[in-house]
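Structure record follows, encoded as structure tokens.
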Amino acid sequence: MHELSLAGGVLRLVEDAAQREGFARVSRLQLEAGALSGVEVRALRFGLDALRPGTVLAGAEIVIDEPPGTAWCLPCAQSVAIRSRADACPRCGGHQIQPTGGTELRVVDLWVHDDPAPETASTNEES
-3 MHELSLAGGV LRLVEDAAQR EGFARVSRLQ LEAGALSGVE VRALRFGLDA
47 LRPGTVLAGA EIVIDEPPGT AWCLPCAQSV AIRSRADACP RCGGHQIQPT
97 GGTELRVVDL WVHDDPAPET ASTNEES
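Quick note on our numbering: the sequence shown kicks off at -3 and runs consecutively.
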């Protein structure tokens, strides 16, 4: 399941950003996993949920958008929507198509905070 390693990569990216930018926690992580990216979104979410306790992502809302795939059809000379890389052009039925969108897995947005999570702050005050 390569989604677990992808989740680890996303976590490393966010933790590197936290160290570089000086934020303590993330309240919302928004990702984009395109329809042609080869990423199983449910497995990626499972991996992120398994890895995030004790990290800057602990308690964060994780949103994963799934934009549709698009491709350029050479015979039609137009952009068309496709669901998989094996699809034919929905206009002409040809297979001379080049994916142009929905191929990426990327971090779209982070909502970050300089202060630790509220439950951590109250625990520290009691100590």
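In this text, a Cβ means the ideal position worked out from N, Cα and C, and glycines have one as well.
For residue 35, there is no enclosing beta strand (DSSP E), as DSSP gives it neither H nor E. Taken in chain order, the complete alpha helix (DSSP H) segments of 4 residues or longer contained in the region 36 to 91 are 37 to 47. Residue state for residue 5 is assigned as helix, using DSSP reduced to three classes. Looking at the backbone, the Cα of residue 40 and that of residue 61 are separated by about 12 Å. Inclusion of residue 101 and residue 35 in the CB contact set at 7 Å is warranted, their separation being smaller than that value. In the structure shown, the three-state DSSP call for residue 12 is helix.
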